[in-house]
Each structure stands twice: as structure tokens, then as C-alpha cells.
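Report on the following structure.
Residue numbers (the numbering used here): 121 to 558.
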């Protein structure tokens, strides 16, 4: 399956809110920020010819320019929030929703199918608990032939995944046209994972859906979260330990006009500075991770452009639990009560074997241990009862089902080979390997 790139109000308050949204999108942000959508090209159709480039070269990982390892202030893990209401029967039957993630290798080379396999497991955890009747499961890729081989396509087919081809949201050539922007992409603190991060904005263009749940593939849905689709807001989110908006989880209300507005702001010359953030509004928190890409931009947009009523922040000790803060653990009496885990500071069963976790991570907090083994149990059930063929001669599936530590070594060798193949390809591509040091 492929997706090509392409009410009247009842109260005066609703009418005013609608007017405010139109004015904010068409006229731009208040307080002098450069807004509007004029002059920004939006790719209505899938096309890679105009930007046949990687997300960023491997030298970014090796150079690590501008890294800042000084102390930082973490975002609070527990905040006051109002739990949204569950959908009614009409909502379950009629609401059009999707769950989406991004997966693609960094260059024109076939990956090892880890992301499509991880996406399958993540999607299955949502499918297992939802009561919605109409749900699509979307993986955004730049080019299907780049992103997976025949085994990967088979995984997508068996798991009911729709592959959505999209070019880079912020193109490599657009980044290079802005020298300051391009230079900051070398900064691991400011840029995070680089241009790939902006591709998580593509779900804002999926207007065939009422809401889209955007997740990283290292997320496991532990409890029913159907209520997260009901708030009348443009974005539901949580913080991360070093970001007010965590890039690994949002529920968004698709709106192409809003997306165009975002892109206009992102590409505005000198819009971002490491010292002053987006348009001089600072960062939340200080030394925010990914301040110039997805996390920092969404923080700016929904704190300084859109009014507070257009977003809803949840507490990450219950939603998007990232195992990162000891301060959160006293608020979690049992890991089964957490709505979903995000394995950022705790190893995921997708990444390490059971044997490795038991021997090398024995000192982990009980909440991490509980989350790991609860998720591992679910993965094993899925691979045994629903997708048994995915473990046949497939190292990632075998590692989950057997817990064999030898497979950790074998997978590491496989990934090292893939990285070496990519590095050789990178060195041969003079068009984007000129180092830009002059």
C-alpha cells in the first residue's frame, strides 16, 4: 500500500478561536516573528529527484562538533494534568485515526530492516489495546527501494503496514542555502539526529485522518490510550528529560496550512540561534536537546505562536515513560499502571537480548526491569502466535524469542558491516562529501 504525497461553530468562543487560528496561520506569529506561508514550496507529490541526498553524512557522528556536556536542568517528570475523556461509541466507529513513525536509512543503501521490524512490534502493541474501528499503521520512508529489501517488504505486508513515501521535509539543499542552519546541523546537542528529525512533521499533512499518533519505534503501548484522540487540540504531547516537547510522542490533528506555516518559520534566515533559541524566545529547558530541530521547534511553536488552548501536555510519569528520572519512580507503584513505555534510558527488548539484560543491566531500577520483561513477554507472544515467520532466519526476531546473547554479537557485526558499506558509499559521493570546511 502507498499514500501519495499530496462545521459551522456553535458558540461565539469557538468562532473567535477559529478566527484566531486563521489569522495566526495566514499573518504569522505575533510579536514580530516572521510568519505566513508565502514563498515556501510544499511537495504535494512524491519526488526525490530534486534532493537525492542523505539526511546527513556519517562525518556528523564522527566529528561531534560543538557538543556540550555541561550540566543541564531536566524537565519535571510529574506534572498536574487532566485525563482526557474516552471516546463515545460514535467516536470509536467513525473517527479516522492513524499511528505513524519514520524509518529510512541515511543514504541510498538498503538497511537491515530493523526499523520496519521495530515498527511492526510497536504498532502491534497499539492494535492489541485499541477499540477504534478505523486505524491505519503508517511508516514514512523516503524511497521504498532505499529503505528495505524483500524481507522488509514482507514484514510490512504481514504486519498490515502502509508505506508512505515522502522526501525530506527540510531538504538538504534548503539547509545548505542557509549557512548558519547548515553549520548547526553539525551540533549534536542542537540538531539531535539532524534533518531526519523534521520528517516527523509529515503526519501534519495526512488530512485524510482526524488524528495521527506519532511515535518512535522504541515505544511499547502498555494500556489503552484511546482517550488521547479526543481532546479538541492540535497536539497532545509530553516532555522529555531535556525537552519540553518530546519528539518520540505526539497526537496531532493534521492541517496542511499549519504545516506550511511551520516550514516557513523553520526556513526563515537566522530564525534559530543556540544562544537565544527560535526567534529569540529561548529554549525550554536550558540546553534543550534537539533545540533547532523537531523538539525545539514544536516547543517554540506551541508556546509562542499558537495559544495554549491548541495543545495539551500530559505527565510523562504515566504517558511516554522514559525511565530517565529517579524523581518519577516514587510516583509509579507498578509498571503495569503506565500507559506506554519509551525505552530511551532503559534497554528495549528490540535492542538487547534477555541474557544481556539479566547479566549486564542487573543494577537497573525495578521499573526498568518490569518494563523490559513485560514488553519482552508481549513481543514473544506476538512473534509466536501472530508472526512466527518473522523469526525464521531473522536475527532480531530470534534474539527476542530465544534471549540468546550470541545474537547480540551477530547483530552488532551485521550493523557494523552496514555502516561500513554506508561509509564507503558516502566517501564515493563527492556531491555531498566535500566536507564544507572551507
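Heads up, the beta-carbon is just placed ideally off N, CA and C, and yes, glycines get one too. In this text the structure is predicted, and so the values were computed from the model without any measurement.
Of the candidates 487, 246, 213 and 359, the residue whose Cα lies closest to the Cα of residue 403 is 359.
If you draw a straight line from the Cα of residue 450 to the Cα of residue 342, it is about 19 angstroms long.
Annotation for residue 317: 311, 367, 410, 413, 414 and 415 place their beta carbon closer than 8 angstroms to its own, counting only its chain and skipping 5 residues before and after. Bridge partners of residue 216 according to DSSP: 254. Around residue 442, the same chain offers 360, 361, 436, 462, 464 and 465 as residues with beta carbons nearer than 7 angstroms, after the five sequence neighbours per side are excluded. Leaving aside the five residues that flank residue 484 on each side, the residues in its chain whose CB is nearer than 7 angstroms to its CB run, in chain order, 466.
Separation of residue 422 and residue 431 (C-alpha to C-alpha, rounded to the nearest whole angstrom) is 7 angstroms. Around the C-beta of residue 308, 16 or more other C-beta atoms lie within 10 Å, and the residue is accordingly described as buried. Close CB contacts of residue 475 within its chain, under the 7 angstroms cut and outside five residues either way in sequence, are with 523, 524 and 525 (chain order). Around residue 500, the same chain offers 520 and 521 as residues with beta carbons nearer than 7 angstroms, after the five sequence neighbours per side are excluded.
Looking at the DSSP output, residue 462 bridges to 339. The DSSP-derived three-state label of residue 236 is helix. For residue 221, the pairing in a beta bridge is given by DSSP as 259. Only buried fits residue 469, as 16 or more other CB atoms lie within 10 angstroms of its CB. Per DSSP, the unbroken alpha helix (DSSP H) holding residue 474 starts and ends at 474-480. Setting aside the 5 residues that flank it on each side, residue 504 is surrounded in the same chain by 521, each with a C-beta closer than 8 angstroms to its C-beta; the list follows chain order.
Taking the C-beta atoms as reference points, residue 208 is found no nearer than 8 angstroms to residue 233. Judged by pairs of C-beta atoms under 8 angstroms, the segment 250-268 does not touch the segment 486-502, as fewer than three such pairs exist. With respect to the C-alpha of residue 217, the residue from 350, 420, 477 and 389 having the closest C-alpha is 350. Boundaries of the beta strand (DSSP E) harbouring residue 355: 355-357, taken from the DSSP string. Rounded to the nearest whole angstrom, the CA to CA distance from residue 203 to residue 471 is 32 angstroms. Contact between the segment 390-398 and the segment 278-297 is absent: fewer than 3 CB-CB pairs across the two stretches fall below 8 angstroms.
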